[in-house]
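Read through the structure below, which is laid out as structure tokens, and then see the notes.
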Amino acid sequence: MPFLPLYFRVLGVTNVGAIAVWTGVSVGITPAVAAIMTPLWGKLGDRIGRKPMVARALMSFIVVMTALAFVTAPWQVLALRFLHGVFAGYGALTLAMAAESAPPDRMARAIGLVQMARRLGPTIGPLIGGLVAAVVGLRQAFLVAAFLYLLAMVVMLSLYREPSRISSPSTDEVGRHSVRQVIRFEGVALMMSVIFAMQYVERSLGPVLSLFVASLGVSIEQIPLWSGILFSLVAGAGAVGNHVCSRLLERYSPGAVILASIFVAACVAASVSGATQVVLLVAVLPLFGLAIGTGTTAAYTIAGHSIPSEAQGVGFSVLSSASMAALALSPVLSGLLGSVSLRSVFLVDVALLAGLGVIGSRKFHRIGAMRNLKPVKS
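To get our numbering, take the position in the sequence shown, counting from 1, and add 928.
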């Protein structure tokens, strides 16, 4: 929500520091709450069906976005963003729907397409939202967002057919897997670590990249342009990584794909920490996005093959909770580090990725080739 600071100004907040605080808390509270609530919605999705749970989430978003158009005080925005997090969880459920609907040998491709769509939304959304807000106003822009959620719900209800589950001992266990049980499935905890680390280092760019560009001698007038270009390059390359991951998994072992992604991302973060010209960022940050997109999709795919089909709702929700925890923590911690040293943010990213690579290397090597990964059956 790039124009949220402007909305707080409309609501009467004039102090720049206060606007920053309201914006930061309002943006961060949604993923923080969603990280806690998502496994609950995933478990309910396993029990009563993922389709009604996604419809429930989209309906809540319609209500929240509509209400945001009529708020009169900053605390009301914060409260609605809190509710947005409480009733979220559709992202994990869409991954479970893709994994369940696709044949085992095409699961990586299905997950990659969903991941790519999830990444392109936040990439294109701010541009469209900014244009809509400029044409119809900030309040009306929320109503347009609510209408788009309504369209998404209609399309999902009309086109998605939830697979029927044949009665069996396995289906008798639907919805009975706890979060603790899911984490104990082979490789799930490790994949949670991968997803957390990848999401953390990507989101660490947000609070500091514009400031870092300024520190490289770019003129004040050119900072927004260069920052926008760099963010777009990372997001676009990440979407490409989501898409090409399935092809890489057809040729290489999942462990090798993840290790390579970690290595490339760490090398890019190290090179950024020592950059002296903005042109270097233009050259290397697309590799950063590509590595993040590939590694994240590979991690979701490996976990998808490890989690029984009747537990994939709660399983992907647990994985998404790791992602959202990083989404909530990274901007805060990176902002604090950036207040001391901008380059230290990227050095911490290198340390996090290197630690993950060293600690998990043996386990990564034990992950078999993609053709040997089979869906787990209870």
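Beta carbons: idealized from backbone N, C-alpha and C, even for Gly.
- prompt: Nearest CA to the CA of I1230: which residue from L1261, P959, R1037 and A995?
  reply: Residue R1037 is the option with its Cα nearest to I1230.
message: Please report the straight-line C-alpha distance between V999 and L1264, rounded to a whole angstrom.
response: If I take the Cα positions, the gap works out to 31 Å.
query: Which whole-angstrom value describes the C-beta separation of T966 and S1245, a residue pair presumed to lie in contact below a C-beta threshold of 8 Å?
result: Between S1245 and T966 the Cβ distance is about 4 Å, and since that is below 8 Å, they are a contact.
task: Could you check how far apart the C-beta atoms of A1194 and V1286 are, in whole angstroms? I think they sit under 8 Å.
output: Between A1194 and V1286, the beta carbon gap of about 11 Å keeps them out of contact (Cβ cut-off 8 Å).
query: Hey, is the segment 1250–1267 in contact with the segment 951–965, meaning 3+ C-beta pairs nearer than 8 Å?
result: Contact holds: three or more Cβ-Cβ distances are below 8 Å.
message: Let me make sure I understand the geometry here. Which of L939, F1216 and F989 has the alpha-carbon closest to that of A1073?
response: The residue with the shortest Cα to Cα distance from A1073 is F989.
query: Looking only at its own chain, which residues have a Cβ that is under 8 Å from the Cβ of S1095, when we skip the five neighbours before and after it?
result: Here the model assigns S1095 a pLDDT of 43, short of 50, so the residue's position is not dependable and the matter cannot be decided.
task: Count the other C-beta atoms from every protein chain shown that fall within 10 angstroms of the C-beta of R1112, then say buried if there are 16 or more, exposed otherwise.
output: Using a 10 angstroms sphere on the CB of R1112, the tally of other CB atoms stays under 16, which defines it as exposed.
- request: Buried or exposed for A1062, please, with buried defined as at least 16 other CB atoms from any protein chain shown within 10 angstroms of its CB.
  value: A1062 comes out exposed.
Straight-line Cα distance separating S1086 from L1261: Here the alpha carbons of S1086 and L1261 stand approximately 42 Å from one another.
- prompt: Cβ of M1024 within 8 Å of Cβ of G1221?
  reply: A quick correction: the sequence has Ala, not Met, at residue 1024. No, the pair does not count as a contact, with Cβ atoms beyond the cut-off.
field: 7 Å CB neighbourhood of Q1205 in its chain, flanking five on each side removed
entry: Cβ neighbours of Q1205 beyond the five flanking positions: L1144.
query: How many whole angstroms separate the CB atoms of L1281 and I1190, which I take to be in contact at a CB cut-off of 8 Å?
result: The beta carbons of L1281 and I1190 sit about 5 Å from each other, so the pair counts as a contact at 8 Å.
- request: Indicate whether Q1043 and Y1180 have their beta-carbon atoms separated by less than 8 Å.
  value: In this structure, Q1043 keeps its C-beta atom at 8 Å or more from the C-beta atom of Y1180.
task: Can you give me the start and stop residues for the alpha helix (DSSP H) that S1143 sits inside?
output: Per DSSP, S1143 is one residue of the alpha helix (DSSP H) stretching across L1133 to S1143.
field: Beta-carbon gap between A997 and L1071 smaller than 8 Å
entry: It is a contact, given that the beta carbons lie within the stated cut-off.
- request: Compute the Euclidean distance between the alpha carbons of V1212 and G977, then round it to the nearest angstrom.
  value: Their Cα atoms are separated by approximately 43 Å.
query: If you count every other CB in all the chains shown that lies within 10 Å of the CB of S1248, and 16 or more means buried, which is it?
result: In the assembly as shown, S1248 is a buried residue. Its beta-carbon has 16 or more other beta-carbons within 10 Å.
message: Quick check on the burial criterion: 16 or more other C-beta atoms within 10 angstroms. Buried or exposed for V938?
response: Counting Cβ neighbours within 10 Å, V938 comes out exposed, since fewer than 16 surround it.
task: Rounded to whole angstroms, what's the CA-CA distance from G970 to V1122? Just pull it up for me.
output: Distance between the alpha carbons of G970 and V1122: 20 Å.
- prompt: Could you give the distance in angstroms between the alpha-carbon of A1007 and the alpha-carbon of A1184?
  reply: Approximately 44 Å between the Cα atoms of the pair.
Coarse secondary structure for A1073, derived from DSSP in three states: Of the three classes helix, strand and coil, the one that applies to A1073 here is helix, per DSSP.
- prompt: Going by alpha carbons, who is nearest to T1022 out of V982, V1014 and R1047?
  reply: Minimum Cα distance to T1022 is reached at V982.
query: So, helix, strand or coil for F1274, using DSSP?
result: Under the three-state reduction of DSSP output, F1274 falls in the helix class.
query: With a CB to CB cut of under 8 Å and the five nearest residues on each side skipped, what residues in its chain are close to K979?
result: Cβ-Cβ distances below 8 Å link K979 to M1025, M1084, L1085, Y1088 and E1090 in the same chain, with the five nearest sequence neighbours on each side left out; the list follows chain order.
query: Under a Cβ-count criterion, where at least 16 other Cβ atoms within 10 Å of its own Cβ denotes burial, should G1243 be classed as buried or exposed?
result: So G1243 counts as buried.
- request: Label T1224 either buried or exposed according to how many other C-beta atoms from any shown protein chain fall within 10 Å of its C-beta, with 16 as the threshold for buried.
  value: By the Cβ-count criterion, T1224 is buried, with 16 or more other Cβ atoms from all chains shown falling within 10 Å of its own Cβ.
task: Taking the CB atoms as reference points, tell me whether L1118 and Y935 lie closer together than 8 Å.
output: Not closer than 8 Å, so no.
query: Is it true that the CB of V1168 sits closer than 8 Å to the CB of L1218?
result: Yes, these two residues count as a Cβ contact at 8 Å.
message: I need the DSSP call for P1236, collapsed to helix, strand or coil.
response: Looking at P1236 - three-state DSSP - the assignment turns out to be coil, as it is neither helix nor strand.
field: Beta-carbon separation (whole angstroms), S1132 vs V1273, contact threshold 8 Å
entry: Between S1132 and V1273 the beta-carbon gap is near 5 Å, inside 8 Å, which marks them as a contact.
message: Nearest by alpha-carbon distance to V1005: which of I1052, T951 and A1016 is it?
response: Among I1052, T951 and A1016, the Cα nearest to that of V1005 is on T951.
query: Do A1069 and Y1018 have their CB atoms nearer than 8 Å?
result: Not closer than 8 Å, so no.
message: My output table needs one value for L1113: the three-state DSSP class, helix, strand or coil.
response: According to the sequence provided, residue 1113 is Phe. The question's Leu does not apply to it. Coil at F1113, not helix or strand.
- request: Determine the burial state of G1288: buried for a count of at least 16 other Cβ atoms within 10 Å of its Cβ, exposed for fewer.
  value: Buried is the call here.
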